[in-house]
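Heads up, the thing below is written out as structure tokens.
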Amino acid sequence: MHDYADGKSLVCAIFYNDTLVGNISFNSIDYDLKRVDIGYWLSANYQGKGIVSKCVTKLITMAFTDLNMEKVQISAALNNQPSRQVCERLGFKLEGVITRAEKVNGRVLDHAIYGLSRADWR
959 MHDYADGKSL VCAIFYNDTL VGNISFNSID YDLKRVDIGY WLSANYQGKG IVSKCVTKLI
1019 TMAFTDLNME KVQISAALNN QPSRQVCERL GFKLEGVITR AEKVNGRVLD HAIYGLSRAD
1079 WR
């Protein structure tokens, strides 16, 4: 809540046909670097419908037009192909892999880091 109040993050609910199905966020907003980091989660029952792609597209537009950012970044678990495909479909470039980036349910995960610059934005 403090980061939101300070303009350093933004978390939004994702609704599909009046049902709460996930969330999407600017996990961080860095005005000095002019970069935002996007994160998202969607219920398995609603995946494959283009919902996340549409939501990420909206946040990209907000980042470049409303917030005047120069870069949007997304970190996805290395083995999370659906999340990685969202990045690739929207024109993000794989910039590298961070090993041992996160622990989820007792498993240590590596992350693929994707970036989209204002210059490369469609």
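Residue numbers for the sequence shown follow this note's numbering, so the first one is 959 and each next one is one higher. Every residue gets a Cβ at the ideal spot worked out from N, C-alpha and C, and that includes glycine.
Among the options, whose alpha-carbon lies nearest the alpha-carbon of residue i?
i              : options                               : result
threonine 977  : Asn1037, Tyr1004 and Trp1079          : Tyr1004
asparagine 985 : Tyr974, Leu1000, Asn975 and Val969    : Val969
leucine 1048   : Asp1078, Gly1006, Ala1002 and Lys1007 : Asp1078
valine 1044    : Arg1058, Ser1011 and Glu1060          : Ser1011
serine 967     : Asp1068, Leu1025, Ala1002 and Lys1061 : Leu1025
leucine 1017   : Glu1060, Tyr989 and Tyr998            : Tyr998
Can the beta-carbon of residue i be found closer than 8 Å to that of residue j?
i              : j               : result
glutamate 1053 : glycine 1073    : yes
isoleucine 972 : glycine 980     : yes
alanine 1070   : alanine 1034    : yes
cysteine 1013  : isoleucine 1032 : no
Sort out for me which residues DSSP pairs residue i with in a bridge.
i              : result
tryptophan 999 : Asn981
glutamine 1031 : Asp995 and Gly1073
glycine 1054   : Ile1071
For a test of your reading of the model: does the CB of residue i fall under 7 Å from any non-hydrogen atom of the ligand FMN? Yes or no.
i          : result
valine 969 : Looking for the ligand FMN in the displayed structure turns up nothing, as the structure carries no ligands at all.
Can you grab the Cα-Cα spacing for the pair residue i / residue j, in whole Å?
i               : j               : result
asparagine 1037 : lysine 992      : 28 Å
valine 994      : glutamate 1028  : 9 Å
leucine 1000    : isoleucine 1009 : 8 Å
proline 1040    : isoleucine 996  : 15 Å
valine 1148     : arginine 1042   : Here the chain has residues from 959 to 1080 only, and residue 1148 is not among them.
lysine 1051     : asparagine 975  : 32 Å
arginine 1065   : arginine 1058   : 10 Å
asparagine 1063 : serine 1075     : 33 Å
glycine 1006    : threonine 1019  : 22 Å
lysine 1061     : threonine 1023  : 34 Å
tyrosine 989    : alanine 1002    : 34 Å
threonine 1081  : aspartate 1068  : The structure shown has nothing for residue 1081, since the chain only spans 959 to 1080.
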